[in-house]
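Reading through the structure tokens given below for one structure.
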Amino acid sequence: MTTPAPRDKRPPQTPELYQYVLDHNPPLHPVLSELVETTHARFPERAGLQSAREQGPLLAFLIRLTGARRVVEVGTFTGFSALAMALALPPDGKLIACDVSEEWTALAREAWEKAGVADRVDLRIAPAVETLRALPAAPELDLVYLDADKGGYVDYWEEVVPRLRPGGLVVADNVLLHGEVTDPDATGAAAAIRAFNEHVAADRRTEAVMLTVADGLTIARRL
Ligand SMILES: C[S@@+](CC[C@H](N)C(=O)[O-])C[C@H]1O[C@@H](n2cnc3c(N)ncnc32)[C@H](O)[C@@H]1O
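Each residue of the sequence shown is one higher than the one before, starting from 1 at the first, in full-length UniProt numbering.
In structure tokens:
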């Protein structure tokens with residue numbers, strides 16, 4: 001018997017359908033909504049760096065689902081995803097947020113303060129690989145969100161996977177890189193993401209699924 005070709009069941013991605021999805025997700029916390037607006041107002045050229053709207057509720061869901069208390073974010077920008085995760089953490093939970101920009105993360109700090117979760121977030125301004133290497137080697141992380149420079153993803157993966165507890169998650173954003181990942185001659189960020197996706201798929205320490213959420217999201221679980 002031959003296996004039938006896979007059938008693409010995804011509906012056409014219209015703006016109306018996207019809005020419908022947003023309308024049927026939990027509403028954003030008011031400070032998160034305000035942060036979306038402020039980021040667009042203060043950094044109009046860079047606002048596209050912010051994680052997609054639906055990723056906030058999804059990250060919060062994963063935090064609650066796994067009972068995460070020790071979380072790391074690689075790539076914080078103005079703090080949208082970090083705030084979504086910090087709000088979902090229990091009061092004694094901690095999020096280490098890694099970024100290199102004082103300017104962008106100043107807005108993040110304001111939002112965390114306003115939402116009353118600043119005490120849960122430990123912002124570290126340095127190249128993320130240095131911050132990750134300085135973390136304890138023990139497998140005590142519950143969830144890591146990767147959303148920084150794409151050329152660093154494999155290094156970040158190699159630093160965080162041994163530090164994840166069994167059942168802990170790595171959530172990696174932009175794994176489809178605007179669809180450029182299918183190009184075997186891709187260069188730059190697309191080539192880096194292609195290499196990352198191969199690396200993850202071959203890693204026997206984890207079980208990973210790639211989803212067509214936003215710009216592509218891989219969720220990997222430490223075995
Ligand atoms: C796509 S944005 C992150 C968006 C963020 N997750 C959000 O929801 O708003 C990527 C961030 O990675 C940071 N970044 C780039 N290279 C980095 C590095 N080597 N180490 C740490 N952060 C880095 C940038 O400064 C930028 O703020």
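We treat Cβ as the ideally placed atom computed from N, Cα and C, and that holds for glycine.
Distances from the CB of Q13 to the heavy atoms of ligand 1 are all 6 Å or more. The three-state reading of DSSP puts M210 in strand, counting E and B together. Under a 10 Å Cβ-count criterion, K150 is classified as buried, with 16 or more other Cβ atoms of the shown protein chains found around its own Cβ. Sequence-distant partners of A192 (beyond 5 residues in either direction) whose C-beta falls short of 7 Å from its own C-beta, in its chain, are K150, G151 and Y153.
In this structure, A68 lies away from T76, with their beta-carbon atoms at least 7 Å apart. L32 and I63 do not touch by the CB rule: their CB atoms are close to 14 Å apart, not below 8 Å.
Of the other Cβ atoms in all chains shown, 16 or more fall within 10 Å of the Cβ of M85; this residue is therefore buried. Take the alpha-carbon of F196 and the one of R165: they are about 21 Å apart. For G116, the closest alpha carbon among the candidates P30, D23 and R205 is that of P30.
Counted as a single uninterrupted DSSP element, the beta strand (DSSP E) harbouring D122 occupies residues V121 to I125. At the C-beta level, T39 and D142 stay beyond 7 Å of one another.
A residue is called buried once 16 or more other Cβ atoms fall within 10 Å of its Cβ, and Q50 is buried on that count. Just measuring C-alpha positions, the residue of V72, P162, D215 and V74 sitting nearest V181 is D215. At a Cβ-Cβ threshold of 7 Å, V129 and D155 count as neighbours.
At a Cβ-Cβ threshold of 7 Å, R221 and E198 do not count as neighbours. Inclusion of L22 and R70 in the CB contact set at 7 Å is not warranted, their separation being larger than that value. Bounds of any alpha helix (DSSP H) do not take in E45, whose DSSP letter is neither H nor E. Positions of the alpha helix (DSSP H) runs, each at least 4 residues long and wholly inside the stretch 98 to 122, are given as 102 to 115 in order along the chain. Exclusion of D203 from the 6 Å shell around ligand 1 follows from its C-beta lying no nearer than that to any non-hydrogen atom of the ligand. The nearest non-hydrogen atom of ligand 1 is 6 Å or more from the C-beta of V117. Judged by DSSP secondary structure, G167 falls within the beta strand (DSSP E) whose first and last residues are L164 to D173.
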